[in-house]
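Below is one structure, written out as structure tokens; comments come after it.
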Amino acid sequence: MARRQAAAAAGKADKPGRGLADQLAKLGIGCDQDLVLHLPLRYEDHTQLVPLAALGAGMTAQAEGTVLHTDVQFRPRRQLVCLLEDGADAQAGRAQLVLRFFHFYPSQQKALQPGARVRVFGEVREGHFGREIVHPQFRVVTPGTPLAEALTPVYPTTAGLGQETLRKVIARALASDPALTAESLPEDAVRRRHLWKFGDAVRFLHAPPPRLNRLTQHALDQRTHPAWQRLKFDELVAQQLSLKAHRRARAARHAPVLTGNGELTGALLARIPFQLTRAQQRVWREISH
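Okay, here's the thing in structure tokens:
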């Protein structure tokens, strides 16, 4: 609670625009601490390039090529189709990849001009004209543009709020104030339970290093990695503290004591046209005392 209050005060100095703030509010994000704790759903590996010739159906990978041509086709439905080409394939000549967009903007069509160098990411499938990616992530690059240095997080989001925007505001929040990732548990508790430091766990989850071994990658995906364990432990501690605070607040409240002189109950008994049974009399005495 103290961490959230401090974060809210720190976040006032550099608030996002109103439109962005409204979109973040839909995700329950109201301050920098909320951004720090808005954790990824999964990760994408943008740290390496796969040659176009090495792409196979079912692979989710990043590749790079030069736009050969781009046009709008109308059969069977309106779509933007772009053909990438790069390198040489010993068996079939130059390797190619089709990019297909069923929903697109003029800016995308303009970016995918012939001769442009494009870096794409997505799931490869077999199409009518060879390997293709439908609605890939892409950006125009120059030869030698550096690759990402960490796995790319994919966050829970809402309509109109893109992943790139989320990554930028979360990275800014992480770098804005060391207090946001300060340790919240006693050092002895962290050591005895073999927990990761809070700051180390948060930074790891937002930007895992590339080329993890298979077991580590599996633990990260299944949320059993020590970094996830630390965040789960903190969440349970916060829940227990909240329950204890509510229990204490409830115990501090006392109902008013209702007293009487028996006048009204006596009048009620006098108007009843029958005698109470012994069981009814016993219950009456229990209620009145």
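In this text, residue positions in the sequence shown follow the numbering used here: the first is 104, and each later residue adds one. Cβ atoms here follow ideal geometry from the backbone N, Cα and C, with glycine treated the same way.
Can the beta-carbon of His321 be found less than 8 angstroms from the beta-carbon of Leu277?
-> No, they are not a contact pair.
Look at the alpha carbon of Leu183 and the alpha carbon of Pro249, and state the distance between them as a whole number of angstroms.
-> 28 angstroms
For Ile375, does the count of other Cβ atoms within 10 angstroms reach 16, so buried, or fall short, so exposed?
-> exposed
Could you check what DSSP says for Ile236 in three-state terms: helix, strand or coil?
-> It is a strand residue.
Can the beta-carbon of Asp189 be found less than 8 angstroms from the beta-carbon of Thr169?
-> yes
Measure the alpha-carbon distance for His238 versus Val257 and round it to whole angstroms.
-> 16 angstroms
Is it true that the CB of Glu147 sits closer than 8 angstroms to the CB of Leu254?
-> yes
Under 8 angstroms between C-beta atoms of Arg234 and Leu288 = Their beta carbons are not under 8 angstroms apart, which means Arg234 does not touch Leu288 by this criterion.
If you check the beta carbons only, do Ala164 and Val227 fall under 8 angstroms apart?
-> yes
Classify Pro256 as helix, strand or coil using the three-state DSSP reduction.
-> strand
Which class does Asp303 belong to by DSSP, given the choice of helix, strand or coil?
-> helix
Check the DSSP bridge columns for His172 and list the partner residues they point to.
-> Leu186
Would you mind reading off the limits of the beta strand (DSSP E) that contains Arg220?
-> 220-230
Alpha-carbon spacing of Thr368 relative to Ser391, whole angstroms = Each residue's alpha carbon lies about 9 angstroms from the other.
Reduced DSSP secondary structure (H/G/I, E/B, other) of Glu167 | strand
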